[in-house]
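**Q**
Protein chains in written order, with this note's numbering: chain A, 27 to 147; chain B, 27 to 147.
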């Protein structure tokens, strides 16, 4: 189990809190969990990825891999593409999925990426 | 040596390429290196943090720590504050610096953060 998909559960998609029911970020987490994690991926909730203007936000990370943060995701629309993108990420050794193999949402809605952790000196 | 400060050397601060001389991101790297890394911090260049609309960008990372990406930094203005913020980050076990101890640029110009890497299952 090498790759983690973090889902911000406090994201509100730039809107006021819903009058009832969970926030969009919590709905996105539930929808991803219901669809099921791809092989080698675990799904984890996180409270705030510090990108609140851009929600719903997710992050991908894994040992030896570049980490990515994606923004502007929609729990009612993007679950299949997120899971396809995470599965492709999990199949790489370094997190670098060829551009054309990334879902369009990952090509267009990347917020930032961070290099793989180096071994301590 | 546990904390890495990544500096995007390709950042252009949203401008056209300079007519001559290095890009703002490369100038930021050089200025940080000239000032000297705080204890426990290594400074590393990186080509693109995928946040090109927001440069100059940096990232902080370290084992067991939250990673942070900061945006909108100015090589002519922000070097002392960046180094103070990275030093504070390096003094924490988890990367979570108390809010009031963060430089203003880190409070206002956070682009995203990613949780610490979990141990493999």
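Even glycine gets a Cβ: it sits at the ideal position worked out from N, Cα and C.
1) Which residue comes first and which comes last in the beta strand (DSSP E) that contains residue 71 of chain A?
2) Taking C-beta pairs closer than 7 Å, name the residues in chain B that residue 141 of chain A reaches, listed in chain order.
3) By the criterion of Cβ-Cβ separation under 7 Å, what are the contact partners of residue 87 of chain B in chain A?
4) Report yes or no: is there a C-beta of chain B within less than 8 Å of the C-beta of residue 137 of chain A?
5) Return the chain-ordered list of same chain residues with a C-beta closer than 7 Å to the C-beta of residue 132 of chain A, the five sequence neighbours on each side being excluded.
6) Going by the CB atoms, is the gap between residue 129 of chain A and residue 92 of chain A shorter than 8 Å?
7) DSSP three-state label for residue 78 of chain A, please.
8) The beta strand (DSSP E) with residue 31 of chain B in it runs from where to where?
9) Would you tell me roughly how many angstroms separate the C-alpha atoms of residue 108 of chain B and residue 81 of chain A, rounded to the nearest one?
10) Would you verify that the beta carbon of residue 112 of chain A is, or is not, closer than 8 Å to some beta carbon of chain B?
11) Distance cutoff 8 Å, beta carbons only. Does residue 99 of chain A sit that close to anything in chain B?
12) Under the assumption that residue 77 of chain A contacts residue 137 of chain A (Cβ atoms under 8 Å), give the Cβ distance between them as a whole number of angstroms.
13) I need the DSSP call for residue 57 of chain B, collapsed to helix, strand or coil.
14) Excluding five sequence neighbours on each side, which residues of the same chain lie with their C-beta closer than 6 Å to the C-beta of residue 87 of chain A?
15) Is the stretch 110-126 of chain A close to the stretch 54-62 of chain B, with three or more CB pairs under 8 Å?
16) Could you check if residue 103 of chain B belongs to the surroundings of the ligand MN, using beta carbon to heavy atom distance under 7 Å?
17) Straight-line CA distance for residue 37 of chain B to residue 134 of chain A?
**A** Based on what the coordinates show:
1) 67-72
2) 32, 72
3) 140, 143
4) yes
5) 96, 111
6) no
7) helix
8) 29-34
9) 26 Å
10) no
11) no
12) 6 Å
13) helix
14) 30, 93
15) no
16) For the structure depicted, the ligand MN is absent and the ligand set is empty, with no information on it obtainable.
17) 18 Å
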